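S.K.: Residue numbers (numbering that gives the first Met the number 0): 0 to 352. Note that CB positions come from ideal geometry on N, CA and C, so glycine has one too. Computed from a prediction, not measured in an experiment: that's the story for all the values here. Before I ask anything, here is the structure I am working with.
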Amino acid sequence: MDDNFFQMPALQPEINVSELLKAAEINLSEQMQKPPICLFIDENSLFFLGDISTTIGKAKGRKTFASGLFLAALAGNCTVQNRIRAELPSDKQTVLYFDTEQGTYHAQKAAKRVLKLLNVESLPNFKAYGLRKHTPNERLQIIEFAVYNTPNLGFVCIDGLRDLITSINDEEQATMITSKLMKWSGELNIHINCILHMNKGDNNARGHVGTELMNKSLTVLGITKNEKQKDYSTIEAIACRDKEPEPLSFGINDSGLPYLLEPEQMEILQKMTESKTKKSLQPADFKDDTHTDNLRFKIFNNETERSYNDFVNAVCNLYGIGTNKAKMFITYFQDKALIQYRKQGQKTIYYLV
Numbered sequence: 000m001d002d003n004f005f006q007m008p009a010l011q012p013e014i015n016v017s018e019l020l021k022a023a024e025i026n027l028s029e030q031m032q033k034p035p036i037c038l039f040i041d042e043n044s045l046f047f048l049g050d051i052s053t054t055i056g057k058a059k060g061r062k063t064f065a066s067g068l069f070l071a072a073l074a075g076n077c078t079v080q081n082r083i084r085a086e087l088p089s090d091k092q093t094v095l096y097f098d099t100e101q102g103t104y105h106a107q108k109a110a111k112r113v114l115k116l117l118n119v120e121s122l123p124n125f126k127a128y129g130l131r132k133h134t135p136n137e138r139l140q141i142i143e144f145a146v147y148n149t150p151n152l153g154f155v156c157i158d159g160l161r162d163l164i165t166s167i168n169d170e171e172q173a174t175m176i177t178s179k180l181m182k183w184s185g186e187l188n189i190h191i192n193c194i195l196h197m198n199k200g201d202n203n204a205r206g207h208v209g210t211e212l213m214n215k216s217l218t219v220l221g222i223t224k225n226e227k228q229k230d231y232s233t234i235e236a237i238a239c240r241d242k243e244p245e246p247l248s249f250g251i252n253d254s255g256l257p258y259l260l261e262p263e264q265m266e267i268l269q270k271m272t273e274s275k276t277k278k279s280l281q282p283a284d285f286k287d288d289t290h291t292d293n294l295r296f297k298i299f300n301n302e303t304e305r306s307y308n309d310f311v312n313a314v315c316n317l318y319g320i321g322t323n324k325a326k327m328f329i330t331y332f333q334d335k336a337l338i339q340y341r342k343q344g345q346k347t348i349y350y351l352v
């Protein structure tokens with residue numbers, strides 16, 4: 000590889016600057032169409048074709064899990080878990096995923112989550128690549144080649160953008176890589192989402208490349224692990240040109256797949272985050288209507304009754320609390336007549352009012 004690959008080339012004398020200026024002039028009388036939206040959260044636009052976005056988060060904050068939810072919607076051109084919706088045009092439904100950080104095993108595992116979220120064995124329009132073994136020069140050239148030589152391309156995710164350059168604090172490299180991303184997305188009318196690490200001390204992306212990319216991105220998303228309930232992470236719009244969507248919180252199920260929390264679960268998580276400790280969470284922190292919905296649709300669901308131990312475990316799991324606290328919640332439910340119970344031999348059986 001050429002050692003000068005990352006040097007910013009000087010403007011060549013033979014370039015006709017006058018022609019470049021003429022081509023760059025914006026026709027103010029032309030009726031311009033808004034770029035197509037390719038991804039929504041609820042009804043809020045998130046990603047547009049012809050532009051770039053940045054996803055940032057602390058190390059091990061589940062950035063890759065979050066991107067898996069977006070990739071599943073885009074690769075399936077569908078709605079995932081009722082809140083993330085993709086709308087790629089028929090001629091732009093190929094999705095590329097590049098992992099620069101993980102080894103082949105874990106890169107494949109991340110890519111296969113996309114298929115599992117869609118409940119399919121394969122998707123011909125979804126391709127994943129592991130680039131960890133390559134040099135920064137090679138990674139950049141591989142991605143550029145794929146971008147310009149993949150038919151029907153609509154969306155690209157680069158998980159680990161900093162690995163395409165040799166220094167995150169080199170201003171020339173930061174300008175170079177950001178310029179390339181804008182050029183690729185604009186020329187091909189695709190969307191490119193880049194994943195970067197967040198600084199330890201603040202909520203900004205690392206280095207000059209992070210600053211440059213955040214400044215140029217249509218949307219900047221932050222992925223943070225909940226401080227009180229580390230089983231959950233939150234996706235939040237840090238910067239968005241349109242109306243910012245409501246945050247999404249997600250956990251990881253027993254199959255290793257991310258799942259979005261329902262609104263009532265989000266409310267519980269928010270209450271727990273606001274509490275100084277788990278022990279300070281009280282049943283009265285929630286409206287009785289919230290408890291009623293939780294009991295009917297989350298705890299009992301299609302069950303007509305539950306034994307005491309099953310009931311305690313269900314309350315623990317839903318509210319993220321310990322056994323003693325769950326028993327306090329059940330006593331509250333009884334006092335408020337939200338549930339009823341009867342004795343069946345030595346057992347106590349609970350059922351809804």
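Between the region 111-125 and the region 66-74, do three or more beta carbon pairs fall short of 8 Å?
M.R.: In short, these stretches touch, since the Cβ pair count reaches three.
S.K.: Considering only the alpha carbon of each residue, which of 40, 29 and 178 lies closest to residue 243?
M.R.: Within the sequence shown, residue 243 is the residue found at index 244, counting from 1. The shortest Cα separation from residue 243 among 40, 29 and 178 belongs to 40.
S.K.: Can we say the region 91-104 touches the region 216-226, given the rule of at least three CB pairs closer than 8 Å?
M.R.: The region 91-104, when compared against the region 216-226, does not touch it at the 8 Å Cβ threshold.
S.K.: Just to confirm my understanding: we take residue 207, look at its own chain, exclude 5 residues before and 5 after, and list those with CB closer than 7 Å. What are they?
M.R.: Residue numbering aside, residue 207 sits at position 208 when the sequence shown is read from its first letter. Excluding positions up to five away in sequence, the list reads 167, 168, 169, 170 and 173.
S.K.: Report the residue from 212, 103 and 180 whose alpha carbon sits nearest the alpha carbon of residue 55.
M.R.: On the sequence shown, residue 55 is found 56 positions in, with the first residue counted as 1. Per the Cα distances, 212.
S.K.: Let's see if you can read the secondary structure: which residues bound the alpha helix (DSSP H) around residue 250?
M.R.: Against the sequence shown, residue 250 aligns to sequence position 251. Residue 250 -> not in any alpha helix (DSSP H); beta strand (DSSP E) instead, spanning 247-251.
S.K.: Provide the residue span of the beta strand (DSSP E) that contains residue 339, from first to last.
M.R.: Here residue 339 corresponds to residue number 340 of the sequence shown, with the count starting at 1. Start and end: 338-343.
S.K.: Taking the alpha-carbon of residue 34 as reference, which of 118, 215, 184 and 140 has the nearest alpha-carbon?
M.R.: Here the question's residue 34 lines up with position 35 in the sequence shown. It is 184.
S.K.: Using the Cα positions of residue 178 and residue 119, report the straight-line distance between them to the nearest angstrom.
M.R.: Within the sequence shown, residue 178 is the residue found at index 179, counting from 1. Within the sequence shown, residue 119 is the residue found at index 120, counting from 1. So the two alpha carbons sit approximately 36 Å from each other.
S.K.: Can the beta-carbon of residue 355 be found less than 7 Å from the beta-carbon of residue 116?
M.R.: Nothing about residue 355 can be read from this structure; the chain reaches only from 0 to 352.
S.K.: Can you round the beta-carbon distance between residue 83 and residue 68 to whole angstroms, since I take them to be within the 8 Å contact cut?
M.R.: Here the question's residue 83 lines up with position 84 in the sequence shown. Here the question's residue 68 lines up with position 69 in the sequence shown. Contact flag correct, Cβ pair sits at about 6 Å.
S.K.: When DSSP labels each residue in this structure, what does residue 239 get in the three-state scheme?
M.R.: Against the sequence shown, residue 239 aligns to sequence position 240. Residue 239: strand per DSSP, three-state reduction.
S.K.: Measure the alpha-carbon distance for residue 245 versus residue 111 and round it to whole angstroms.
M.R.: Here residue 245 is taken as the residue at index 246 of the sequence shown, counted from 1. Here residue 111 is taken as the residue at index 112 of the sequence shown, counted from 1. Taking the straight line from one Cα to the other gives about 27 Å.
S.K.: Measure the C-alpha to C-alpha separation of residue 277 and residue 293 and round it to an integer number of angstroms.
M.R.: For the purposes of this step, residue 277 is taken as the residue at position 278 of the sequence shown. For the purposes of this step, residue 293 is taken as the residue at position 294 of the sequence shown. Because the pLDDT of residue 277 is 48, which lies under 50, any placement of that residue in the model is unreliable, and the number read from its coordinates should be weighed accordingly. In a straight line, the C-alpha of residue 277 is about 19 Å away from that of residue 293.
S.K.: Using a threshold of 7 Å, state whether the C-beta atoms of residue 45 and residue 233 are closer than that.
M.R.: Position 46 of the sequence shown, counting from 1, holds the residue named residue 45. Position 234 of the sequence shown, counting from 1, holds the residue named residue 233. Contact flag unset, no.
S.K.: Could you give the DSSP three-state label for residue 210: helix, strand or coil?
M.R.: One-based indexing of the sequence shown puts residue 210 at position 211. Here residue 210 sits in helix by DSSP.
S.K.: Closest to residue 308 by C-alpha separation, out of 287, 345, 281 and 49, would be which residue?
M.R.: Reading the sequence shown from its first residue, position 309 is the one you call residue 308. Ranking 287, 345, 281 and 49 by Cα distance to residue 308 puts 345 first.
S.K.: Return helix, strand or coil for residue 335, following the three-state DSSP convention.
M.R.: Here residue 335 refers to the residue found at position 336 when the sequence shown is read from its first residue. In this structure, residue 335 counts as coil in the three-state DSSP scheme.
S.K.: I'd like the list of long-range same chain contacts for residue 240, defined as Cβ closer than 8 Å, with 5 residues on each side in sequence excluded.
M.R.: Taking the sequence shown and counting its residues from 1, one reaches residue 240 at position 241. The residues are 217 and 218.
S.K.: Could you tell me which uninterrupted beta strand (DSSP E) segments, each at least 3 residues in length, are contained entirely in the region 148-220, listed from first to last along the chain?
M.R.: 152-158 and 190-196, all fully within the region 148-220.
S.K.: Taking C-alpha atoms, which residue in 256, 262, 129 and 38 lies nearest to residue 248?
M.R.: Counting from one through the sequence shown, the residue named residue 248 turns up at place 249. Out of 256, 262, 129 and 38, 262 has the C-alpha closest to the C-alpha of residue 248.
S.K.: Please give the ranges of any alpha helix (DSSP H) in the region 1-80, keeping only runs that are unbroken, at least 4 residues long and fully inside the region.
M.R.: 16-23 and 62-75, all fully within the region 1-80.
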